[in-house]
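If you count the sequence shown from 1, position 16 lands on 6 in our numbering, and the numbers rise without skipping.
Glycine included, every Cβ here is placed at the ideal spot set by N, Cα and C.
Here the structure is a predicted model, which means the values were calculated and not measured.
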Amino acid sequence: GRLPKVTDTVQWEDWKLEVVDMDGKTIDKILATRLTPEEKAESDENGAG
């Protein structure tokens, strides 16, 4: 594994989570965006998540 960095993203179920701020080695803030059915289908086709 590796430490996360700002702009890293991950998809979890219907959510996209993006690291927006770090405090040293700790994630300080994330941006959680609910995916629309179209976005979810598109990312599933691309193998994301």
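Item                                                                                   : Value
Identify the residues that DSSP records as bridge partners of A22: which are they?     : L7
Three-state secondary structure (DSSP) at D34?                                         : helix
Check for me: the beta strand (DSSP E) holding V(-4) runs from which residue to which? : Note, V(-4): premise wrong, no beta strand (DSSP E); not H, not E.
Going by C-alpha to C-alpha distance, which of L21, A22, N36 sits closest to E28?      : N36
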